[in-house]
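Peer 1:
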Amino acid sequence: MFAPARASGASVAAPGPGGTGPGGTGPGGTGPAWDRGLDAAQLAVATHGAGPLLVIAGAGTGKTRALISRVAYLLQGGTSPERILLLTFTRRAADEMLARAARLVGASGGRRPWGGTFHAVAHRFVSAYAEVIGFPSGFSVLAPSDACDLMELMRTEHGLSGTAQRFPRTATLVDIYSRCINTSQPLSDILATDFPWCEPHRGAIAQLFSAFTASKRSQALADFDDLLLYWRALLAHEPLGRQVVASWDYVLVDEYQDLNRLQVDIVRLLRPSGQGLMVVGDEAQAIYGFRGGSAECLRDAVLAFPASSVVRLERNFRSVQGILDVANSVGRDDDVARVVLRSDRGRGARPVLLRCHDAHGEARSIVDRVLQAHERGIALREQAVLVRAAHHSDLVELELSARGVPFRKYGGLRFLEASHVKDFVAAARLLDNPHDQLAWYRLLRLHDDIGPARARDLVAMATGGADRVADWAELVAAAPARARGSLSFTLETLARARQAQGARARAELVVDALRPLLASRYVDAPVRLADIERLAAAAGSVPELAAWLAELTLDPPEATGDLAGPPHLDEDYLVVSTIHSAKGLEWAVVHIPHVVDGCVPSDLAVGTPAGLAEERRLLYVAVTRARDELYLYSPLRLHFHRQASDDRHAFAALSRFLDSRVCAALDVVDEAVERPDVAACGRLAAAVSLALEDLWR
DNA sequence: GGTAACTGGGTTTTT
DNA sequence: CCCAGTTACC
């Protein structure tokens, strides 16, 4: 997150946009000087004055390089690093950018530009001004799943759960809520346009949302949306906003096409006059519509900026033309057609579409190709498997493990979502914020005989009065008999943790408190305990547990194994990532599995023209990550299509996007020749059941 | 009234 | 694999 105080080992540098490796982004040299090897357009970006600057940057056109060069240029002109703010949309992009910026200014005494995601920077300021915002003794950051739990609680409290009436599910409610906030649109509009089936419940939803906000406030909790809301409010405040805005001379915003209204507001408040503002975006890569992101903001910016301050980066330095042909044919919708990517690198190999028999065949085929490329000298970390949904790589991961290929997965199941980690975070939050009812609830629920109802009563008691140990004794007395012993131990240990000095000692006592609870709750308790012990150890180097928890919530370990310790430099691993998480990155070889209707594009998104268009951009983003080789895989049959499998065969499982025009840019290879005879399989199944019948006889 | 144990169905994408 | 719903037990 912030350059000066980054928690150790929280993330791993992923193989990113060129830079250091051979064949990296952009032409020419590798030195840190801002002008080395930039082309005219990139140079214009780097050396632009203080006026507003809008960069329209196609995929692979060296945008990060131009941005970093601009930072170098500004520094050379005498701007202090900390007067520059780099805002990015995703954490991986933030890491990548800050790492490169750090390399660049390595010599300038360890001072680095500010940078991070909107949420991380927001947290920094909301914390600093917590008192003004109305949290006199600090606040806790609510992870998304916690926000969901709280919404669920409120829903129950309002008598809106149960089967008696159909009411939107908690997940839907959270969605609606977040959408209202992020698009700055009233509930009624959101319901009308995006959730029409929920409209009958508008009144109840509105009440629920009020209660939800009030509840967060009274517990000193802020969810991700609140961080942005409070930051915006802070910036708009007179005179505090002026103070915050004056912290920087330059604000550089990446992936502008993915920002939502709230974030655009923040940018506007940061640089009201546009002086010192630079935004970079590419409409063709807008893939965060589900978070309220809207490329319209970029379009607005194009109109709002004077023509002289718009620079277009159009030369693609990344990919060979064969790959760009596929990209161009995929992204041919109206909103995308404007930029036709042209390569600086020659034709290269034609990308391949492999039609496999099923997902198993696909997995084998992918690993075969990964290893073949490895034999040719392409390191594993120069290759990536990019998926639309995290579970699309399940079988690939299995095959990789079976064949001993190391890999690292980004996106999908999050570390923080694991229930034992949530238990740990909740207990730790209580040390500094005893008003946190949600944390109390979670902790109490871990004890025997304390279910939803009793937990609710006890929570009221725990947060109602003061937070002295004497009150905790009362709490124990009120608990059901079977829970008293363990609850007493839990509370005592937490009380000791509270007294303890230093984040590490506190964290370890929290683990002590949880140990017996987790041991009796989970079959795989040893594994889970090891997890949180490592987590506690990671807290070692920071002074404040609360601050560390907030950072953990905002920037959780992304890949499985990130907590295992600092990565070895010589470590080689294949990257498995969602397309969303792969944004802004590149690899020599890219594999895209499950390019079939229902997966790419996702069935859940093709209901509307806008949804379908975003799916198309998603494939566009995936394809343009590849530098030299690109493989798409179409399993002809997927297990959840069992009933329709014969139809699938007939249709050859082509994705909605793989029409003749796209296929013309691809070599289609049929790997499904050895298809098992379905009729024979049926006979085999019959024989097995017959044999079983014999057993029962 | 409340908890625990079991069963069956469904699963996007991120801060 | 996590959820909601069901059932059996206190």
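The first sequence maps to residues 187 to 883 in our numbering.
Heads up, the beta-carbon is just placed ideally off N, CA and C, and yes, glycines get one too.
1) With 16 as the cutoff for other CB atoms within 10 Å, does ASP814 come out buried or exposed?
2) In whole angstroms, give me the CA-to-CA distance for LEU499 and LEU680.
3) Using a 10 Å radius around the Cβ and a threshold of 16 neighbouring Cβ atoms, would you call VAL466 buried or exposed?
4) For ARG504, does the three-state DSSP call read helix, strand or coil?
5) Apart from the five residues on each side of it in sequence, which residues of its chain come closer than 7 Å, Cβ to Cβ, to ALA725?
6) Give me, in chain order, the residues of the same chain whose beta-carbon lies closer than 6 Å to that of ALA808; leave out the 5 immediate sequence neighbours on both sides.
7) Look up MET464 in the DSSP assignment and give the residues it is bridged to.
8) When the Cα atoms are used, what is the spatial distance from ALA639 to LEU421?
9) Please go through the segment 230–278 and give each complete beta strand (DSSP E) segment of 3 or more residues, from N-terminal end onward.
10) Do you know how far the Cα of ARG803 is from the Cα of VAL522?
11) With which residues is ALA812 paired in a DSSP beta bridge?
12) For ARG684, which residues from the same chain have a beta carbon less than 8 Å from its beta carbon, with the 5 sequence-adjacent residues on both sides left out?
13) Kindly give me the distance between the Cβ atoms of ALA699 and THR676, rounded to whole angstroms, as I take these residues to be in contact under 8 Å.
14) Can you tell me whether DSSP reads LEU630 as helix, strand or coil?
15) What's the gap between the Cα of SER767 and the Cα of ARG574?
16) Identify the continuous beta strand (DSSP E) that holds ALA570 and give its terminal residues.
17) Measure the C-alpha to C-alpha separation of GLN393 and ILE473 and round it to an integer number of angstroms.
18) Classify LEU629: buried if its beta carbon has 16 or more other beta carbons within 10 angstroms, exposed otherwise.
19) Within the same chain, show all residues whose beta-carbon is closer than 8 Å to that of SER875, passing over the 5 residues directly before and after it, in chain order.
20) Would you list the residues sitting across from ILE778 in a DSSP beta bridge?
21) Please give me, in chain order, every unbroken run of the alpha helix (DSSP H) with length at least 4 that falls completely inside the segment 346–424.
22) At what residues does the alpha helix (DSSP H) containing ARG842 begin and finish?
23) Based on DSSP bridge pairs, tell me the residues matched to VAL856.
24) Give me, in chain order, the residues of the same chain whose beta-carbon lies closer than 7 Å to that of ASP783; leave out the 5 immediate sequence neighbours on both sides.
25) What does a CB cutoff of less than 7 Å around ARG714 pick up in its chain, not counting 5 residues either side in sequence?
26) Suppose you measure from the CA of ASP409 to the CA of ARG269; what does that come to, to the nearest Å?
27) Should the segment 404–418 be regarded as contacting the segment 363–379, the criterion being three or more beta carbon pairs within less than 8 Å?
28) Out of VAL430, VAL762, LEU798, point me to the one whose CA is closest to PHE593's CA.
29) With DSSP as the reference, label ARG536 as helix, strand or coil.
30) Can you list, in chain order, the residues of its chain whose CB lies under 6 Å from that of ASP511, leaving out five sequence neighbours each side?
31) Measuring CA to CA, which of ILE254, PHE325, GLU343 is closest to ALA646?
32) For VAL928, count the other beta carbons within 10 Å of its own beta carbon; 16 or more makes it buried, fewer makes it exposed. Which is it?
33) Please determine if the segment 523–542 and the segment 556–569 are in contact, where contact requires at least 3 C-beta pairs separated by less than 8 Å.
34) Does DSSP put PHE593 in a helix, a strand or coil?
35) Between which two residues does the beta strand (DSSP E) containing SER326 stretch?
36) Using only alpha-carbon positions, find the residue among TRP434, THR233, LEU661 that is nearest to ILE254.
Peer 2: Checking against the coordinates, here is how it stands:
1) What you label residue 814 is simply residue 628 of the first sequence in a count that begins at 1. The residue is buried, with at least 16 neighbouring Cβ atoms inside 10 Å.
2) Within the first sequence, the letter at position 313 stands for residue 499. Within the first sequence, the letter at position 494 stands for residue 680. Their Cα atoms are separated by approximately 56 Å.
3) Here the question's residue 466 lines up with position 280 in the first sequence. Answer is buried; the Cβ neighbour count reaches 16.
4) Position 318 of the first sequence holds residue 504. Note: ARG504 maps to coil in three-state DSSP.
5) Residue 725 sits at position 539 when you count from the first residue of the first sequence. Correct list, in chain order: ALA689, ARG690, ALA693, LEU731, TRP734.
6) As a first step, residue 808 must be located in the first sequence, where it is residue number 622. So the qualifying residues of the chain are LEU572, ILE765, ILE778.
7) The residue you call residue 464 lines up with position 278 of the first sequence. Paired residues: LEU239, LEU438.
8) Start at 1 with the first residue of the first sequence, and residue 639 comes out as number 453. Start at 1 with the first residue of the first sequence, and residue 421 comes out as number 235. C-alpha separation (whole angstroms): 42 Å.
9) 239–243, 270–274
10) Counting from 1 along the first sequence, the entry for residue 522 is found at position 336. Counting from 1 along the first sequence, the entry for residue 803 is found at position 617. The pLDDT assigned to VAL522 is 45, lower than 50, so where the model puts this residue is not dependable; a value taken from the coordinates is nonetheless given after this. Approximately 8 Å, taken between the alpha carbons.
11) Reading the first sequence from its first residue, position 626 is the one you call residue 812. TRP773, per the DSSP bridge assignment.
12) Translated into positions along the first sequence, residue 684 becomes position 498. Once the five neighbours on either side are set aside, the close Cβ partners of ARG684 are LEU617, ARG692.
13) Mapped onto the first sequence, residue 699 falls at position 513. Mapped onto the first sequence, residue 676 falls at position 490. Correct: roughly 5 Å between the Cβ atoms.
14) As a working mapping, residue 630 is identified with position 444 in the first sequence. Note: LEU630 maps to helix in three-state DSSP.
15) Looking up residue 767 in the first sequence gives position 581. Looking up residue 574 in the first sequence gives position 388. Answer to the nearest angstrom: the Cα atoms are 10 Å apart.
16) One-based indexing of the first sequence puts residue 570 at position 384. Annotation: the continuous beta strand (DSSP E) that includes ALA570 extends over 569–573.
17) If you number the first sequence from 1, residue 393 lands on position 207. If you number the first sequence from 1, residue 473 lands on position 287. So the alpha carbons of these two residues sit roughly 32 Å apart.
18) Translated into the one-based positions of the first sequence, residue 629 becomes position 443. So LEU629 ends up on the buried side.
19) Along the first sequence, read from residue 1 onward, the residue named residue 875 stands at position 689. Here the set comprises nothing.
20) As a first step, residue 778 must be located in the first sequence, where it is residue number 592. Beta-bridge pairing links ILE778 to LEU818.
21) 356–369, 373–380, 388–404, 410–422
22) Translated into positions along the first sequence, residue 842 becomes position 656. For ARG842, there is no enclosing alpha helix (DSSP H), as DSSP gives it neither H nor E.
23) Taking the first residue of the first sequence as position 1, residue 856 is located at position 670. Residue 856 is actually Asp in this sequence, not Val. DSSP, once it has assigned bridges, lists ARG541 as partnering ASP856.
24) Translated into positions along the first sequence, residue 783 becomes position 597. Correct list, in chain order: SER841, ARG842.
25) Your numbering for residue 714 matches position 528 in the first sequence. Result list for ARG714: HIS606, LEU704, TYR708, in chain order.
26) As a first step, residue 409 is located in the first sequence; it is residue number 223 there, counting from the start. As a first step, residue 269 is located in the first sequence; it is residue number 83 there, counting from the start. One C-alpha to the other measures close to 28 Å.
27) Judged by Cβ distances under 8 Å, the segment 404–418 makes contact with the segment 363–379, as three or more pairs qualify.
28) Working through the first sequence from its first residue, we reach residue 593 at position 407. The shortest C-alpha separation from PHE593 is found at VAL762.
29) Taking the first residue of the first sequence as position 1, residue 536 is located at position 350. Reduced to three states, the DSSP call for ARG536 is coil.
30) Residue 511 sits at position 325 when you count from the first residue of the first sequence. ALA851, listed in sequence order.
31) The count along the first sequence starts at 1 and reaches residue 646 at position 460. Comparing Cα positions, the closest option is GLU343.
32) Within the shown structure, residues of the chain are numbered from 187 to 883, placing residue 928 beyond reach of any answer.
33) no
34) The sequence position of residue 593 within the first sequence is 407, counting from 1. It is a strand residue.
35) As a first step, residue 326 is located in the first sequence; it is residue number 140 there, counting from the start. 326–328 is the extent of the beta strand (DSSP E) around SER326.
36) Residue mapping note: residue 254 aligns to position 68 of the first sequence, counting from 1. Ranking TRP434, THR233, LEU661 by Cα distance to ILE254 puts THR233 first.
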